[in-house]
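Colleague:
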Amino acid sequence: MSELKSGSNLEKVLKAGHFAFTGECGPPQGANVEHLKEKYSHLKGMVDAVNVTDNQTAVVRMSSWAASTLMVQDGLEPNFQMVCRDRNRLAMMGDILGVHAMGIRNMLCLSGDHQQFGNHPESKNVYDIDSMQLIALVKKMRDEGKFMNDKDIDVPPKLFIGAASNPFADPYEFRVYRLANKIEAGADFIQTQCIYNMDKFRDFMKKAVDMGLHEKAYILAGVTPMKSVGMARYMSKSVPGMDVPDEIINRLKGAGKGKVAEEGIKFALEQIEEFKEMEGVAGVHLMAIEWEHKVPEIAERAGVLPRPVV
Amino acid sequence: MIVADRKSLDEILWMVSDCNKILIAGCKGCVTVCNVGGMKEVGILASALKIARKKEGKPLEVDEKTLERQCDPEYVEQIRDIYDDYDAVVSMACGVGPQFLSEAYPSQRFFPAVNTTFFGGATEHGIWEERCAGCGTCIIHYYDGMCPIARCSKSIQHGPCGGSARGKCEINAELDCIWDMIVKKKMEQGRLDDLLMVKAAKDWRTARDGGPRKSIREELTK
Ligand code: SF4
Ligand code: SF4
Numbered sequence: 001m002s003e004l005k006s007g008s009n010l011e012k013v014l015k016a017g018h019f020a021f022t023g024e025c026g027p028p029q030g031a032n033v034e035h036l037k038e039k040y041s042h043l044k045g046m047v048d049a050v051n052v053t054d055n056q057t058a059v060v061r062m063s064s065w066a067a068s069t070l071m072v073q074d075g076l077e078p079n080f081q082m083v084c085r086d087r088n089r090l091a092m093m094g095d096i097l098g099v100h101a102m103g104i105r106n107m108l109c110l111s112g113d114h115q116q117f118g119n120h121p122e123s124k125n126v127y128d129i130d131s132m133q134l135i136a137l138v139k140k141m142r143d144e145g146k147f148m149n150d151k152d153i154d155v156p157p158k159l160f161i162g163a164a165s166n167p168f169a170d171p172y173e174f175r176v177y178r179l180a181n182k183i184e185a186g187a188d189f190i191q192t193q194c195i196y197n198m199d200k201f202r203d204f205m206k207k208a209v210d211m212g213l214h215e216k217a218y219i220l221a222g223v224t225p226m227k228s229v230g231m232a233r234y235m236s237k238s239v240p241g242m243d244v245p246d247e248i249i250n251r252l253k254g255a256g257k258g259k260v261a262e263e264g265i266k267f268a269l270e271q272i273e274e275f276k277e278m279e280g281v282a283g284v285h286l287m288a289i290e291w292e293h294k295v296p297e298i299a300e301r302a303g304v305l306p307r308p309v310v
Numbered sequence: 001m002i003v004a005d006r007k008s009l010d011e012i013l014w015m016v017s018d019c020n021k022i023l024i025a026g027c028k029g030c031v032t033v034c035n036v037g038g039m040k041e042v043g044i045l046a047s048a049l050k051i052a053r054k055k056e057g058k059p060l061e062v063d064e065k066t067l068e069r070q071c072d073p074e075y076v077e078q079i080r081d082i083y084d085d086y087d088a089v090v091s092m093a094c095g096v097g098p099q100f101l102s103e104a105y106p107s108q109r110f111f112p113a114v115n116t117t118f119f120g121g122a123t124e125h126g127i128w129e130e131r132c133a134g135c136g137t138c139i140i141h142y143y144d145g146m147c148p149i150a151r152c153s154k155s156i157q158h159g160p161c162g163g164s165a166r167g168k169c170e171i172n173a174e175l176d177c178i179w180d181m182i183v184k185k186k187m188e189q190g191r192l193d194d195l196l197m198v199k200a201a202k203d204w205r206t207a208r209d210g211g212p213r214k215s216i217r218e219e220l221t222k
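Laid out in structure tokens, this is it:
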């Protein structure tokens, strides 16, 4: 095994060739630590790392680094998310040093949803740098030990660098190139947007494999089980860049009263089975939105337990 | 050009509520072209203010004058003889106008009648769109003449973001995603490689972030 970049559990699991399984937890809209702990307690031992969202959908929440720190203290491994919407480069670099100091070792670099979606649409949008430049910045800080201004860092932060990829946004033909670009910029691992259109994703992965991208970064396929027909409809209509084929909505509808959630989980499990075999897919990123307590059951039924200890 | 929108009548009435006599100063520059602050609009605002104040039982005397430009000390002089005859002057120029007037006539009060919005142009009759954010370091040669700084809702230099769908921006289904346009043009021209490199972070010092800006042309200052 070549030298570890960050020493995070996620990095070790992936490097050792295991099929990774990551989860997600959104911090509370308040300082309710008990609520947060209750949510992530369900994920302990079930996943290799837990994504901690950063003012997700532009709604103010407990900061991602603080929630990530609480997780570290409780023995879970966070995947600290940072968006470009709310911070300029000074704040970003300060937080990157800060999270490393707090024992955080994974970081996902994102553009972030525009603030218009959230609960403070009046705010100024920062976008000093974009997600591509953020990836490159974290890499520079880690590998060169330098700030953006080329000045030396006294103890560089060692982070396993993640990026997102949405194969379902437009223009489709460009998406794989954008993924390549993020990997070129320094992404060690990729987590995709929730996948529902499997045909399109198969095609996307084929293109990625043809370009050899899976050999340069670990690609984790995004899965979000549908809880209801309403959720499927909402995602299909109101979430930009989300592709929910009618057949999924019809399948959920057909499940009948009281059985929709189970049907949603079944579809997710089928997806996970396919991802295990799909060339170029190194793991699954399970985003069980406000459904954290279901993660143990899903992990169990998906046959990904126990999680490897490396 | 600089594009602006007229403020609501209520807001302007509120600004001049303690006045008995005002001057409305229009501008023959950009705001005339975008039909918001030229001679015609000065006349319309003057009548509207007079009617509204008459209804309130507090008649307002309003004079009209449209300057050649309000962003030029030479033309600002066009009200030198009259500026002091009023309780306030309402400028219909872009945000530059009231400031140049204010600097030239320290004893008078100047109010804006428009909200200055952006640098752009008319894409259809009656519709103006933003094209430039005046960032001070133009980079649109990388993007075949399209500006992601002004026209992408996130000003990203590596797009489109994950919210781009069917050519539209994630924030509004009516808004074109400029990155979709940039990528499509590059693809059509077979020059996608142009986009496959990581661009350095932008130096925002030349934009407003570096503080108020000044442009000095030595050859003209002599
Ligand atoms: S890059 Fe800057 S100067 Fe050029 S069009 Fe865009 S905002 Fe204007
Ligand atoms: S959808 Fe397009 S224009 Fe809108 S923020 Fe994303 S890249 Fe920018």
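Protein sequences, first through last, are from chains W and E. Just so it is clear: in the first sequence, position 181 is 181 by the working numbering, and no numbers are missing. Just so it is clear: in the second sequence, position 93 is 93 by the working numbering, and no numbers are missing. Virtual Cβ for every residue (Gly too), placed ideally from N, Cα, C.
(1) Please work out which residues of its chain come closer than 7 Å, Cβ to Cβ, to Pro296(W), disregarding the five sequence neighbours upstream and downstream, and give them in chain order.
(2) Give, in chain order, every residue of the region 233–256 of chain W whose Cβ lies closer than 8 Å to some Cβ of chain E.
(3) Is there at least one non-hydrogen atom of ligand 2 closer than 8 Å to the beta-carbon of Pro148(E)?
(4) Which residues mark the beginning and the end of the alpha helix (DSSP H) in which Tyr218(W) is found?
(5) Give me the residue from Leu36(W), Leu286(W), Leu4(W) and Asp203(W) with the minimum Cα distance to Val176(W).
(6) Decide if Trp128(E) is buried, meaning its Cβ has at least 16 other Cβ atoms within 10 Å, or exposed.
(7) With a threshold of 9 Å between beta carbons, is Ser47(E) in contact with chain W?
(8) Taking 8 Å as the cut-off, is the beta-carbon of Phe165(W) closer than that to any non-hydrogen atom of ligand 2?
(9) With 9 Å set as the bound, which would you pick, yes or no: does the beta-carbon of Gln157(E) sit closer than that to a beta-carbon of chain W?
(10) Rounded to whole angstroms, how far is the Cβ of Pro212(E) from the Cβ of Trp179(E), which I believe are closer than 8 Å?
(11) Should Cys135(E) be counted as a contact of ligand 1 given a C-beta to heavy atom distance under 8 Å?
(12) Cβ closer than 8 Å: which chain W residues qualify as neighbours of Gly165(E)?
(13) By Cβ distance, which residues of its chain are closer than 6 Å to Asp113(W), with the 5 residues on each side in sequence left out?
(14) Would you say Glu174(E) touches ligand 2, meaning its beta carbon is less than 8 Å from a heavy atom?
(15) Using 8 Å for Cβ pairs, my map puts Gly241(W) next to Gln193(W). What's the rounded Cβ distance?
(16) Rounded to whole angstroms, what's the CA-CA distance from Met1(W) to Pro171(W)? Just pull it up for me.
(17) Could you name the residues of chain E that Ala180(W) contacts, counting a contact when the two beta carbons are closer than 8 Å?
(18) Starting from the N-terminal side, write out each stretch of the beta strand (DSSP E) that is 3 residues or longer and does not extend beyond the region 102–143 of chain E.
(19) Would you kindly report the start and end of the unbroken alpha helix (DSSP H) that includes Pro296(W)?
(20) State the DSSP-derived secondary structure class of Met1(W), mapped to helix, strand or coil.
(21) Enumerated in chain order, which unbroken segments of the beta strand (DSSP E) with a length of 3 residues or greater are wholly contained in the region 63–92 of chain W?
Modeller: Once the coordinates are examined:
(1) Counted from its first residue, the first sequence places residue 296(W) at position 296. Within the same chain, and ignoring the five residues on either side of Pro296(W) in sequence, the residues whose Cβ sits closer than 7 Å to its Cβ are His42 and Met46.
(2) With the criterion set as a beta carbon lying under 8 Å from some beta carbon of chain E, the members of the region 233–256 of chain W are Pro240 and Gly241, in sequence order.
(3) For the purposes of this step, residue 148(E) is taken as the residue at position 148 of the second sequence. Ligand 2 approaches Pro148(E) closely enough that one of its heavy atoms is under 8 Å from the residue's Cβ.
(4) Taking the first residue of the first sequence as 1, we reach residue 218(W) at position 218. Note, Tyr218(W): premise wrong, no alpha helix (DSSP H); beta strand (DSSP E) at Tyr218 to Val223.
(5) Start at 1 with the first residue of the first sequence, and residue 176(W) comes out as number 176. Checked all of Leu36(W), Leu286(W), Leu4(W) and Asp203(W); the closest Cα to Val176(W) is Asp203(W).
(6) Residue 128(E) sits at position 128 when you count from the first residue of the second sequence. In the assembly as shown, Trp128(E) is a buried residue. Its beta-carbon has 16 or more other beta-carbons within 10 Å.
(7) Start at 1 with the first residue of the second sequence, and residue 47(E) comes out as number 47. Output row for Ser47(E): interface = no.
(8) Indexing the first sequence from 1 puts residue 165(W) at position 165. Sequence check: residue 165(W) is Ser here, not Phe. Every heavy atom of ligand 2 is 8 Å or more from the Cβ of Ser165(W), so no.
(9) Within the second sequence, residue 157(E) is the residue found at index 157, counting from 1. At least one chain W Cβ lies under 9 Å of Gln157(E).
(10) Reading the second sequence from its first residue, position 212 is the one you call residue 212(E). Reading the second sequence from its first residue, position 179 is the one you call residue 179(E). Going by Cβ atoms, the distance from Pro212(E) to Trp179(E) rounds to 30 Å, so no, they are not a contact pair.
(11) Here residue 135(E) corresponds to residue number 135 of the second sequence, with the count starting at 1. Checking the Cβ of Cys135(E) against ligand 1 gives yes.
(12) Residue 165(E) sits at position 165 when you count from the first residue of the second sequence. Residue identity differs from the one stated: residue 165(E) is Ala in this sequence, not Gly. Within chain W, the residues near Ala165(E) are Ala169, Asp170, Pro240 and Gly241.
(13) Here residue 113(W) is taken as the residue at index 113 of the first sequence, counted from 1. Result list for Asp113(W): Thr57 and Ala58, in chain order.
(14) For the purposes of this step, residue 174(E) is taken as residue 174 along the second sequence, with counting starting at 1. Not one heavy atom of ligand 2 falls within 8 Å of the beta-carbon of Glu174(E).
(15) Taking the first sequence and counting its residues from 1, one reaches residue 241(W) at position 241. Taking the first sequence and counting its residues from 1, one reaches residue 193(W) at position 193. Rounded, the Cβ-Cβ distance is 7 Å, consistent with contact.
(16) Along the first sequence, one-based indexing puts residue 1(W) at 1. Along the first sequence, one-based indexing puts residue 171(W) at 171. Model confidence at Met1(W) stands at a pLDDT of 46, short of 50, so the residue's coordinates are unreliable; what they give is reported in the following sentence. Inter-residue distance for Met1(W) and Pro171(W) is about 38 Å (C-alpha atoms, whole angstroms).
(17) What you label residue 180(W) is simply residue 180 of the first sequence in a count that begins at 1. Going along chain E in sequence order, the residues near Ala180(W) (Cβ under 8 Å) are Leu196.
(18) Within the region 102–143 of chain E, the complete beta strand (DSSP E) segments at least 3 residues long are 110–112, 114–124 and 127–132, listed from N- to C-terminus.
(19) Counting from 1 along the first sequence, the entry for residue 296(W) is found at position 296. Start and end: Val295 to Ala302.
(20) Counted from its first residue, the first sequence places residue 1(W) at position 1. For Met1(W), the pLDDT reaches just 46, beneath the cut-off of 50, and the residue's location in the model is therefore unreliable, although a value from the coordinates is still provided. Coil, per DSSP.
(21) List check, beta strand (DSSP E) in window: 78–83.
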